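Worksheet: one structure, shown below.
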Amino acid sequence: MDIIKSQNGADTALSLKGRLDTVTSPKLQDALTEVLSGSGDVELDFAGIDYVSSAGLRVLLFGQKKSQSSGKSMKLKNVSPEVMEVFEITGFSGMLTIE
Amino acid sequence: MHELKVSANVERLEEVLDFIAADAEILPADAKFKNNLKIAVEEIFVNIALYAYPSGEGDVVISASTAPDNITVEFRDSGTPYNPLIKTDPDTTLSIDEREIGGLGIFMVKQMMDSVAYRYEDGFNIFTMSKHWSG
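Those sequence lines, one after another, are chains V and B.
This note's numbering numbers the first residue of the first sequence as 14 and each following residue consecutively.
This note's numbering numbers the first residue of the second sequence as 8 and each following residue consecutively.
Next comes the structure, spelled out in structure tokens:
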């Protein structure tokens with residue numbers, strides 16, 4: 014999975030490409046940890062992601078909890094139907110902010 | 008039948024996903040079906056890789072058999088006897104603050120496959136799962 018980071022003022026957008034699986038998820042966790050230690054919000058562009066396993070969900074839950082506890086927002090956009098199905102099966106569609 | 012013997016190590020995940028993708032590609036099923044099948048395979052493989060051999064290295068044999076309207080995947084390892092199906096399902100209606108991290112992988116497997124079964128036989132953990140498509 015590749016992560017492309019872009020900055021818009023204090024806010025950060027992370028554009029993801031590839032699979033969010035057991036091996037690649039720690040990379041997103043590291044990126045979110047860094048971004049959420051700053052002052053702005055974070056937007057995750059899922060256009061390039063077609064696969065999310067439970068390891069990916071755990072990282073998204075981590076990001077959601079961390080952003081909420083520090084008064085920021087984490088939003089997901091361009092979620093594919095395959096990934097949305099995973100969010101729905103696991104109840105994540107109700108917990109995440111998906112545009 | 009198509010079989011892969013691989014070291015039970017998460018570093019081998021890509022090889023495992025390539026193995027099942029080769030089977031999934033030729034199925035007359037939709038993208039969601041194929042995606043769910045791959046996720047279920049990852050979840051079981053990773054469980055075995057993380058927990059089956061606490062004191063060292065071991066293998067897992069994954070075999071996939073395709074019938075006219077379904078696919079069955081079997082995982083066989085000689086590690087610690089463990090039935091992943093006894094794990095309690097997470098409560099997916101809980102709010103973000105109450106939601107816990109564990110148990111999600113096996114829950115996804117149960118939701119994404121049509122049938123799952125575990126047995127311990129002759130020193131092997133054998134986990135079998137299958138999924139049907141329609142049309």
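Just so you know, even glycine gets a beta-carbon here, dropped at the ideal spot from N, CA and C.
Computed from a predicted structure; not experimentally measured.
- For Val68 (chain B), the beta-bridge partners assigned by DSSP are B:Lys12 and B:Arg83.
- Annotation for Glu112 (chain V): no alpha helix (DSSP H) segment contains it, and DSSP assigns it neither H nor E.
- Here Thr100 (chain B) is exposed. Its C-beta has fewer than 16 other C-beta atoms within 10 Å.
- Across the structure, Ser62 (chain B) and Ala23 (chain V) are spaced so that their CA atoms are roughly 47 Å apart.
- Inter-residue distance for Ile133 (chain B) and Phe52 (chain B) is about 12 Å (C-alpha atoms, whole angstroms).
- Checking the DSSP bridge columns, you'll see Ser137 (chain B) partnered with B:Thr79 and B:Ser122.
- Interface residue (Cβ-Cβ distance to chain V less than 8 Å): Ile46 (chain B) is classified as such.
- For the options B:Ile113, B:Leu57, B:Ile69 and B:Gly130, the alpha carbon positioned closest to that of Asp25 (chain B) is the one of B:Ile69.
- The alpha-carbon of Ala74 (chain B) is positioned some 43 Å away from that of Ala44 (chain V).
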